[in-house]
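To keep things clear, I will list the structure first and then write my remarks on it.
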Amino acid sequence: MASSSAISGVQELLNGCICCNLVGQLSDALDALAHDVSPDRIVVETSGSAFPATLAMEVNRIAQKTGGYVLDGVMSVIDVENWNGYEDTSYTAKMQARYTDLIVLNKWELVDGRKLEDCEDRILALEVDPPTPRTKSDKGWVDKDIVFGLDAKLAKDIGEGQRHVRGHEHGHHSEVEVLSITLSSPTESSGVDLVKLEKLLEESSKDEIYRIKGILYTASPPRSSTENKATPSEVSLVPDALSRYILNWAFGRWTFTPVSLDSTHTTPMTSRSATPLTSGQTTPFSAVDEPTLRMTIITARYESTKWQKRIQAGEFIALENVIEGSLSVKRVS
Numbered sequence: 564m565a566s567s568s569a570i571s572g573v574q575e576l577l578n579g580c581i582c583c584n585l586v587g588q589l590s591d592a593l594d595a596l597a598h599d600v601s602p603d604r605i606v607v608e609t610s611g612s613a614f615p616a617t618l619a620m621e622v623n624r625i626a627q628k629t630g631g632y633v634l635d636g637v638m639s640v641i642d643v644e645n646w647n648g649y650e651d652t653s654y655t656a657k658m659q660a661r662y663t664d665l666i667v668l669n670k671w672e673l674v675d676g677r678k679l680e681d682c683e684d685r686i687l688a689l690e691v692d693p694p695t696p697r698t699k700s701d702k703g704w705v706d707k708d709i710v711f712g713l714d715a716k717l718a719k720d721i722g723e724g725q726r727h728v729r730g731h732e733h734g735h736h737s738e739v740e741v742l743s744i745t746l747s748s749p750t751e752s753s754g755v756d757l758v759k760l761e762k763l764l765e766e767s768s769k770d771e772i773y774r775i776k777g778i779l780y781t782a783s784p785p786r787s788s789t790e791n792k793a794t795p796s797e798v799s800l801v802p803d804a805l806s807r808y809i810l811n812w813a814f815g816r817w818t819f820t821p822v823s824l825d826s827t828h829t830t831p832m833t834s835r836s837a838t839p840l841t842s843g844q845t846t847p848f849s850a851v852d853e854p855t856l857r858m859t860i861i862t863a864r865y866e867s868t869k870w871q872k873r874i875q876a877g878e879f880i881a882l883e884n885v886i887e888g889s890l891s892v893k894r895v896s
């Protein structure tokens, strides 16, 4: 979404865990941003149960080597509405809380006061001393003075975190499994089959699938879960005109965010880049080579194989008008 807003300083690190096997690529990405963009601030966004200490150590290592970076702080976000049943007081969660400077409570407006209190009680059960500060988002927004005003307690005692990293690397990947999906078309005018894609979104169980994220091209406007079925008048009047969308699915709800096609041409390297599984390098797609769909599915442990087989069978992902495309479904962690 940052890339689609013509923000040039974006580097994507895909197909792996940024706090484990992509740490080295993080160093390369930071160097590239510093050299090409010279930003005042760099924000590193992870997802899932990230382990901040590993990332902080890498930033501090580069800072000592180059003198070009200062670790500001670490934020963690909790989905208050959906945390019940997913809350975690394990050792990994305690380490994440310990090396977090600020916890942001998101979607708290969607629950009653009792559920909010229960969520905060579970945070206190992590037994971080002193307790990690908390703040509330405003319908997903957090003031920039809060985001850029952290005080990086993590940086002061990061040396203690080194003894936890190796054990984390062995256990972190067992918590989730990740599928990387790519669908390519033989022609530039073929979009994603929305009927099949919506079937995937509707049938995905929140007990088996945690998140679905993707970027795709389609000739008709896709429907978010809060919208009614598209009517014929809403379908594109130009049959060969494709539109670009970002898909975000979580806990049984999903949204499609339109992305201007013009913005992809203003920042071709950053907005159309991916990290191949084997190369370890960031390679830009050309306008023709960009896949019709790129998607990441994060599943619960032991659940990815079933969904991988169903997707490979063409049950959920295909090109419209029965056009034969190239589908790749890989388990990456």
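Note that the working numbering has the sequence shown beginning at 564, numbered continuously upward.
Note that the Cβ used here is the ideal one computed from N, Cα and C, for glycine as well.
Fair warning: this is a prediction, and the values are worked out from it, not measured in the lab.
- request: Taking the CB atoms as reference points, tell me whether Lys657 and Glu683 lie closer together than 8 angstroms.
  value: no
field: DSSP-derived helix/strand/coil call for Glu740
entry: strand
message: Going by the DSSP bridge assignment, what does Val640 pair with across the sheet?
response: Residue pairing by DSSP places Val640 opposite Val667 in a beta bridge.
- prompt: Taking the alpha-carbon positions, what's the Val885 to Val741 distance?
  reply: 27 angstroms
message: Whole angstroms are fine: how far does the CA of Lys670 sit from the CA of Leu757?
response: Note on geometry: alpha-carbon atoms of Leu757 and Lys670 lie some 28 angstroms from one another.
When Ile880, Thr750, Ile860, Trp646 are compared against Val895, the one with the closest alpha-carbon: Ile860
N- and C-terminal bounds of the beta strand (DSSP E) containing Ser806: 806-813
query: Between which two residues does the alpha helix (DSSP H) harbouring Lys893 extend?
result: Where Lys893 is concerned, there is no enclosing alpha helix (DSSP H), although the beta strand (DSSP E) it sits in stretches over 889-894.
task: Compute the Euclidean distance between the alpha carbons of Ser768 and Lys869, then round it to the nearest angstrom.
output: 12 angstroms
Coarse secondary structure for Ala918, derived from DSSP in three states: Lying outside 564 to 896, the shown extent of the chain, residue 918 is not represented and no answer is given.
message: Considering Cα atoms alone, identify which of Asp591, Phe879, Asp594 is closest to Thr745.
response: For Thr745, the closest C-alpha among the options Asp591, Phe879, Asp594 is that of Phe879.
query: For Arg807, does the count of other Cβ atoms within 10 angstroms reach 16, so buried, or fall short, so exposed?
result: buried
For Pro785, the nearest candidate out of Thr818, Gly631, Tyr632 (CA to CA): Thr818
message: In the DSSP assignment, the beta strand (DSSP E) including Pro694 goes from what residue to what residue?
response: Run containing Pro694: none; DSSP gives neither H nor E here.
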